[in-house]
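A short worksheet on the structure shown next.
Number of protein chains: 2
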Amino acid sequence: MRSKSKTIKLTGTSYALLAVLGEFGEMTSYDIKQAMESSIQNFWPVPHTTAYEEPARLAAAGYLSARQEEGGRRRRVYALTKAGREALTEWAAEPETSPPQLRDEMILKVFAGADPEALQESRVAWHKAKLEELRGYLTMVRSVEGFEPSERTLVAGVAYHEKMLEMID
Amino acid sequence: MRSKSKTIKLTGTSYALLAVLGEFGEMTSYDIKQAMESSIQNFWPVPHTTAYEEPARLAAAGYLSARQEEGGRRRRVYALTKAGREALTEWAAEPETSPPQLRDEMILKVFAGADPEALQESRVAWHKAKLEELRGYLTMVRSVEGFEPSERTLVAGVAYHEKMLEMID
DNA sequence: TGCCTAACCGTCCGTTCCGTACTATACGCT
DNA sequence: AGCGTATAGTACGGAACGGACGGTTAGGCA
Numbered sequence: 012m013r014s015k016s017k018t019i020k021l022t023g024t025s026y027a028l029l030a031v032l033g034e035f036g037e038m039t040s041y042d043i044k045q046a047m048e049s050s051i052q053n054f055w056p057v058p059h060t061t062a063y064e065e066p067a068r069l070a071a072a073g074y075l076s077a078r079q080e081e082g083g084r085r086r087r088v089y090a091l092t093k094a095g096r097e098a099l100t101e102w103a104a105e106p107e108t109s110p111p112q113l114r115d116e117m118i119l120k121v122f123a124g125a126d127p128e129a130l131q132e133s134r135v136a137w138h139k140a141k142l143e144e145l146r147g148y149l150t151m152v153r154s155v156e157g158f159e160p161s162e163r164t165l166v167a168g169v170a171y172h173e174k175m176l177e178m179i180d
Numbered sequence: 012m013r014s015k016s017k018t019i020k021l022t023g024t025s026y027a028l029l030a031v032l033g034e035f036g037e038m039t040s041y042d043i044k045q046a047m048e049s050s051i052q053n054f055w056p057v058p059h060t061t062a063y064e065e066p067a068r069l070a071a072a073g074y075l076s077a078r079q080e081e082g083g084r085r086r087r088v089y090a091l092t093k094a095g096r097e098a099l100t101e102w103a104a105e106p107e108t109s110p111p112q113l114r115d116e117m118i119l120k121v122f123a124g125a126d127p128e129a130l131q132e133s134r135v136a137w138h139k140a141k142l143e144e145l146r147g148y149l150t151m152v153r154s155v156e157g158f159e160p161s162e163r164t165l166v167a168g169v170a171y172h173e174k175m176l177e178m179i180d
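Line order of the protein sequences matches chains A and B.
Our numbering puts the first residue of the first sequence at 12, with every later residue one more than the last.
Our numbering puts the first residue of the second sequence at 12, with every later residue one more than the last.
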């Protein structure tokens with residue numbers, strides 16, 4: 012019973028999806044998008060279209076199963092297959108990680124001669140808004156059982172933005 | 012004397028190149044790559060191929076001029092055109108910046124159930140190595156005149172990695 | 001002088017990623 | 001029923017990525 016699954020290279024984004032599905036079980040693309048926002052979006056941003064494109068890719072390669080919803084929109088519901096779960100745990104067990112990567116247009120502008128002072132104000136506001144947002148997710152996530160992994164990443168996110176605010180001084 | 016220049020959308024990466032050329036004047040792709048490494052690579056990473064592909068794009072759109080080197084490899088030497096400089100200063104003057112973006116596979120693994128302790132060691136080492144590297148560039152850059160913009164971004168980079176090390180505790 | 005080798009420099013190319021714009025469905029309200 | 005809004009999904013072109021490979025140059029050494 013050999014399945015004709017295309018072999019693909021799993022990228023960080025792939026694992027992000029697998030991880031979310033590993034946490035929460037069966038999900039539609041929309042669910043995935045929501046779940047990422049309240050967990051890892053801060054450390055692994057993906058555009059919402061990825062939540063639609065990537066599961067298809069992963070399913071084609073045998074890492075996800077897809078079934079059709081019964082009523083309503085008859086959306087596709089994805090879940091990890093055995094291969095998917097294996098790939099995920101194997102990857103998570105690898106101690107090597109690619110280095111973190113930062114992308115900051117503000118610094119670019121400063122490099123190009125912009126006045127740092129002028130830019131920092133809105134940056135501070137942005138970090139504060141992010142903190143709000145993450146704290147919102149945090150209280151949400153803490154009110155239910157079984158969201159410990161999300162909680163951990165949110166805590167990390169809060170710590171991160173606090174450090175960034177410190178740094179701007 | 013209308014020049015047939017294709018209009019393109021300038022991305023953050025485009026401006027990164029323009030900014031480097033704005034700082035240092037005429038450069039080959041290889042020079043650009045080097046210059047980025049010792050200045051903004053930390054806040055705007057680009058693969059080396061971009062230093063070859065993007066200038067061609069920018070030149071086609073009229074933002075850069077290209078001339079052939081005389082001897083040796085007869086490489087293309089790029090410089091800002093008037094349009095390029097204008098686009099650059101205009102962009103730098105805009106107070107809006109896209110929010111900074113972080114991408115960290117380690118957090119992803121922790122989210123997927125990996126042991127944070129196990130991963131942090133090499134992460135600490137990585138940040139320390141980065142600090143070394145940036146400080147190296149810093150002393151290099153400080154030994155000559157006219158590298159103030161690079162210096163500023165390097166200083167920011169040092170501050171960043173120091174904060175990250177603090178955070179890991 | 002000529003060879004060898006390492007460092008330097010550049011290109012090709014398939015895949016992935018991204019953002020924008022647009023469409024469609026469900027649901028609550030009057 | 002009709003309308004408005006939030007929810008959900010698609011299409012697609014262009015940019016970014018990265019690996020693999022190919023060519024060039026300079027310097028050391030026989």
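All residues carry an ideal CB built from backbone N, CA and C; glycine is no exception.
As assigned by DSSP and simplified to three states, the class of residue i
| i | result |
| --- | --- |
| tyrosine 89 of chain A | strand |
| leucine 21 of chain B | coil |
| valine 166 of chain B | helix |
| glutamine 112 of chain B | strand |
| arginine 13 of chain A | Confidence in arginine 13 of chain A is poor, its pLDDT being 46 and thus under 50, which makes the residue's placement unreliable; the coordinate value appears in the next sentence. Three-state result, arginine 13 of chain A: coil. |
| glutamate 101 of chain B | helix |
| proline 58 of chain A | coil |
| tyrosine 171 of chain A | helix |
| isoleucine 51 of chain A | coil |
| phenylalanine 122 of chain B | helix |
| glutamate 199 of chain B | The structure shown does not extend to residue 199 of chain B, since chain B spans only 12 to 180, so no value can be given for it. |
| glycine 95 of chain A | helix |
| glutamate 107 of chain B | coil |
| tyrosine 26 of chain B | helix |
| glutamate 156 of chain B | coil |
| isoleucine 179 of chain A | helix |
Within chain A, partners of residue i - CB distance below 9 Å
| i | result |
| --- | --- |
| tyrosine 26 of chain B | Glu116, Leu119, Lys120 and Ala123 |
| proline 56 of chain B | Gln112, Leu113 and Arg114 |
| proline 66 of chain B | By Cβ distance, chain A contributes nothing, its closest Cβ being about 17 Å from proline 66 of chain B, past 9 Å. |
| alanine 30 of chain B | Leu119, Lys120, Phe122, Ala123 and Gly124 |
CB contact flag (residue i, residue j, <8 Å)
| i | j | result |
| --- | --- | --- |
| leucine 119 of chain B | tryptophan 137 of chain A | no |
| lysine 174 of chain B | lysine 20 of chain A | no |
| methionine 178 of chain A | alanine 170 of chain B | yes |
| glutamate 222 of chain A | serine 25 of chain A | Residue 222 of chain A lies beyond the stretch modelled for chain A, which goes from 12 to 180, so this question has no answer here. |
| arginine 163 of chain B | phenylalanine 158 of chain A | no |
| proline 111 of chain A | methionine 117 of chain B | yes |
| serine 50 of chain B | serine 161 of chain B | yes |
| threonine 39 of chain A | arginine 114 of chain A | no |
| glutamate 37 of chain B | alanine 103 of chain B | no |
| leucine 142 of chain A | asparagine 53 of chain A | no |
| leucine 165 of chain A | tyrosine 148 of chain A | yes |
| serine 133 of chain A | proline 127 of chain B | no |
| isoleucine 43 of chain B | alanine 67 of chain B | no |
| threonine 92 of chain B | tyrosine 74 of chain B | yes |
| serine 16 of chain A | alanine 72 of chain A | yes |
| arginine 96 of chain A | glycine 23 of chain A | no |
| leucine 99 of chain B | alanine 30 of chain B | yes |
| alanine 27 of chain B | valine 57 of chain B | yes |
Chain-ordered neighbours of residue i on chain B, where CB pairs are closer than 8 Å
| i | result |
| --- | --- |
| lysine 174 of chain A | Lys174, Met175, Glu177 and Met178 |
| isoleucine 51 of chain A | Ile118, Leu119 and Phe122 |
| tyrosine 171 of chain A | Leu113 and Met178 |
| proline 106 of chain A | Ala129, Leu130 and Ser133 |
| leucine 99 of chain A | Ala123 |
| alanine 103 of chain A | Lys120, Ala123, Gly124 and Ala125 |
Beta-carbon neighbours of residue i, restricted to chain A and to distances below 8 Å
| i | result |
| --- | --- |
| glutamine 131 of chain B | In chain order: nothing, as chain A lies at least about 10 Å away. |
| alanine 136 of chain B | Under the 8 Å cutoff, chain A gives no residues; its nearest Cβ is about 11 Å from alanine 136 of chain B. |
For residue i: DSSP bridge partner residues
| i | result |
| --- | --- |
| glutamine 79 of chain B | B:Arg87 |
N-terminal and C-terminal residue of the alpha helix (DSSP H) that residue i is part of
| i | result |
| --- | --- |
| arginine 41 of chain B | The question names arginine, but residue 41 of chain B in the sequence shown is tyrosine. Counting along the chain, the alpha helix (DSSP H) containing tyrosine 41 of chain B begins and ends at 40 to 48. |
| tryptophan 137 of chain B | 127 to 153 |
| threonine 61 of chain B | 61 to 71 |
Neighbour list for residue i in chain B, Cβ cutoff strictly below 9 Å
| i | result |
| --- | --- |
| arginine 163 of chain A | Ile118, Val121, Phe122 and Pro127 |
| glycine 23 of chain A | Arg114, Glu116 and Leu119 |
Neighbour list for residue i in chain B, Cβ cutoff strictly below 7 Å
| i | result |
| --- | --- |
| glycine 33 of chain A | Ala123 |
Neighbouring residues, chain A, relative to residue i (Cβ below 7 Å)
| i | result |
| --- | --- |
| alanine 167 of chain B | Ile118 |
| serine 109 of chain B | Glu116 |
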